[in-house]
Each structure stands twice: as C-alpha cells, then as structure tokens.
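Visitor: Could you have a look at this structure, given as structure tokens, before my questions?
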Amino acid sequence: MKNLLSRYISLSLALRYLNPLRTFFSIITLICLLGVSLGVMVLIVVLSVMGGLQKEIQGNLFAHSPHVQVCYRNDFGVREVIPDWVELSDKLRHVPGVQSTYALIEDYALVDVQGKQRPCFFRAIDTENAAQLEDLKHLIVSGNADLDMGEKAVISSIVAENMGLNVGDTVRVYTTRNFQEISHAYQQTELPLLAEKNAAELNDLKKWGKSLKAEQGREEASQASVDQAFATLNNLLAVPRRDTERSSLLDMIGLLNEGEALEGGKVAFPEGTGKEWEAVLAEFSAEQRNEADME
Numbered sequence: 303m304k305n306l307l308s309r310y311i312s313l314s315l316a317l318r319y320l321n322p323l324r325t326f327f328s329i330i331t332l333i334c335l336l337g338v339s340l341g342v343m344v345l346i347v348v349l350s351v352m353g354g355l356q357k358e359i360q361g362n363l364f365a366h367s368p369h370v371q372v373c374y375r376n377d378f379g380v381r382e383v384i385p386d387w388v389e390l391s392d393k394l395r396h397v398p399g400v401q402s403t404y405a406l407i408e409d410y411a412l413v414d415v416q417g418k419q420r421p422c423f424f425r426a427i428d429t430e431n432a433a434q435l436e437d438l439k440h441l442i443v444s445g446n447a448d449l450d451m452g453e454k455a456v457i458s459s460i461v462a463e464n465m466g467l468n469v470g471d472t473v474r475v476y477t478t479r480n481f482q483e484i485s486h487a488y489q490q491t492e493l494p495l496l497a498e499k500n501a502a503e504l505n506d507l508k509k510w511g512k513s514l515k516a517e518q519g520r521e522e523a524s525q526a527s528v529d530q531a532f533a534t535l536n537n538l539l540a541v542p543r544r545d546t547e548r549s550s551l552l553d554m555i556g557l558l559n560e561g562e563a564l565e566g567g568k569v570a571f572p573e574g575t576g577k578e579w580e581a582v583l584a585e586f587s588a589e590q591r592n593e594a595d596m597e
C-alpha cells in the first residue's frame, strides 16, 4: 500500500487531508473541493450555453445571408446587374459542395412614410424561390410572407416601430437608382431645346418634307436632298440631346431608311411619308418638348 501511495503523490495527499481524524483540515478541504467543483460546473454550463447561443445566432444570420456572393463589376469596379442571372444560378447550383443558390438585389434606400423619412438597407428576393420564402415565414411577427408580384414588403420590427408602421400601411421606397434617374432627368432639362438652338436645321428638314412629290402611290425626292437630310440629322445627333429629342431624330432617320433608290437620281418613299415627317418635326416645338420633360 505504501509503495502504491509513494508512486501517486497526488492520491496520497488527497487521502491525507481527507482523513477523518483531521477534522479541521477535512472541512477546509471539502469546502475547497466543493468550490472548485462548483466553478468547473458553472464554467461548463456557461460555455455550453454560449456555444448553443452562438450556433443559433449564426443559423439565423446565415439563413438570410449568403455564405458566398457572386457579383459582376465593370472595368471601374462598380457593381452592375448580372444579365443572365437565372443561367448563372443554375450553374452555381451544380458546383460540388453548393447546397442552394438564389438571386437577390441589395441597395440603400430612403423610406418615406407620410413625409417622415429614414435611411435603411433593403433586399429584394426572388418570390418564385420557395426556399427563400419558407425561411422568411419563420421571422414574420405580423402579416404574412406571401409577397407574390404585388407591391408588398417585409419590414423589420425596428423600422416599423420607429416609423409607426402597421400591416397594410403604405411605404414609399427611394433607392439610389431612383436618385440617379432623377439626376439624369434634371440634367436633361438643362440641355438647350433643339427647336431653339437649331431652328435653322429644323427648318431645312421641314422644307425637305414639303419637297416630297406624290408619284403613282408613292412619294419621291432627289438623292442629293436625301443625303443632305441624312447629314443634317447625323450632325444633330452628334451633340448631347434630350432623350426625347434623340428618339425623334432616330425616328426621322428611320423614315429616310425606308427610301428605295430609283433611276435618274431619285428616291421613292412609301405614301404618307411626308405627313409622318411633319408629325415628327412638330414634336420638336418648345411647348410639346416641355410637356414631354414633365412626363
């Protein structure tokens, strides 16, 4: 027995201080053991709870956040929309180790509720993806996740509380893309009207339309006048124009392209080309152009 205790010093010390004959030391030892045991137990419980809580939080976060994001950036590093995202999603789904893929749109936005604005971050999902909608249902507190293709949105409880929102309320969302479109629209209105800056060129084009002669169910013009009209339109398109004006100029070029070359330096156009030409020219008037800008 002594040989055994001499080999295991820890065991011999434990038996010595737990000896019932040493009452005072035994009580102190038991208290120490109880304290150490309680500390170890608390440590194990806390680590277990924290580990489970961390796993639960990660599960909730990753349920709606992708592990890997695939995006397209242009030569300037600006993120752009992926044109064939359906085909790309199918390809990624067949990559070994990939469990699921889905498309989404993320952007910063300004939420407007009855004149009260608040910046936020929004995410648009594919409503035809049943897996995404199924995961979303578990987070719904009020209402439902039947988004379909209507004008519906799921709002976080924090935003809803701050904005005083309830199910069925109307919310306006302005994204950065909306602001880009608005900025582009304002830049368009700052461009000079073609009817004011290029009145002489428009007058020449108007004269060309009136010069068309009706001949046997068609309208004719000289090849030289057609070439001159083409040159005038190309010169007008060479400088920045309002989108509506550019569209009208392209329509006029389309009318010229309908011409068919004839012998004797003539070009034949379908009957009614002159009236269509005048109708397009009328769109360049300042009043109608301002109305188009308002739209």
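Take 303 as the starting number for the sequence shown in our numbering and just add one per residue. Idealized CB from N, CA, C, for every residue including glycine. Computed from a predicted structure; not experimentally measured.
Below 8 Å on the Cβ atoms is my guess for GLU585 versus SER550; work out the distance and round it to an integer in Å.
Guide: 5 Å
Visitor: State yes or no: is the C-beta of ALA526 within less than 7 Å of the C-beta of LEU514?
Guide: no
Visitor: Quick test of your reading: LEU583 and GLY466, contact by CB under 8 Å. State the CB separation rounded to the nearest angstrom.
Guide: The Cβ separation is near 53 Å, so there is no contact.
Visitor: Quick check: what's the CA-CA separation for ASN376 versus TRP387?
Guide: 16 Å
Visitor: Which one or two residues does DSSP pair with TYR410 in a beta bridge?
Guide: DSSP, once it has assigned bridges, lists PHE423 as partnering TYR410.
Visitor: Measure the Cβ-Cβ separation of GLU547 and LEU507 and say whether it is below 7 Å.
Guide: no
Visitor: DSSP three-state call for ARG395: helix, strand or coil?
Guide: helix
Visitor: Assuming PHE423 and TYR404 form a contact by the criterion Cβ under 8 Å, report the distance between their Cβ atoms to the nearest whole angstrom.
Guide: Not really, about 18 Å apart at Cβ, beyond 8 Å.
Visitor: Report all residues from its chain with a CB closer than 8 Å to the CB of LEU538; omit the five preceding and five following residues, and keep chain order.
Guide: LEU496, ASN500, GLU503 and LEU551
Visitor: For THR477, list the residues DSSP reports as bridge partners.
Guide: ALA411
Visitor: Report back the beta-carbon spacing between ALA433 and LEU406 to the nearest angstrom; my notes put them in contact at under 8 Å.
Guide: Rounded, the Cβ-Cβ distance is 12 Å, inconsistent with contact.
Visitor: If we ignore side chains and look at the alpha-carbon of each, how far apart do ALA563 and GLU580 end up?
Guide: 22 Å
Visitor: Report the residue ranges of all alpha helix (DSSP H) runs contained in full by the segment 530-571; include only those spanning at least 4 residues, in chain order.
Guide: 545-559
Visitor: Going straight from the alpha carbon of VAL351 to that of LEU390, what length do you get?
Guide: 41 Å
Visitor: Once the 5 residues before and after MET560 are set aside, which same chain residues still bring their CB inside 8 Å of it?
Guide: The sequence shown places Glu at residue 560, not Met. Result list for GLU560: PHE571, PRO572 and THR575, in chain order.
Visitor: Taking GLU503 as part of the beta strand (DSSP E), name the residues at either end of that continuous run.
Guide: Careful: GLU503 lies outside any beta strand (DSSP E), inside the alpha helix (DSSP H) at 501-512.
Visitor: Could you compute how far the alpha carbon of ASP553 sits from the alpha carbon of THR534?
Guide: 14 Å
Visitor: Does DSSP put LYS357 in a helix, a strand or coil?
Guide: helix
Visitor: Between LEU558 and LYS568, what straight-line distance do the alpha-carbon atoms span, to the nearest angstrom?
Guide: 13 Å
Visitor: I need the straight-line Cα distance from VAL440 to VAL461, nearest angstrom please.
Guide: The amino acid at residue 440 is misidentified as Val; the sequence shows His. Near 18 Å, if we compare the C-alpha coordinates of VAL461 and HIS440.
Visitor: Short of 6 Å in beta carbon distance, which residues of its chain neighbour TYR374, apart from the five on each side in sequence? Order them along the chain.
Guide: GLU382 and ILE384
Visitor: Note the first and the last residue of the continuous alpha helix (DSSP H) segment covering ALA584.
Guide: 575-584
Visitor: So, with DSSP's three-state summary, where would you put ALA405?
Guide: coil
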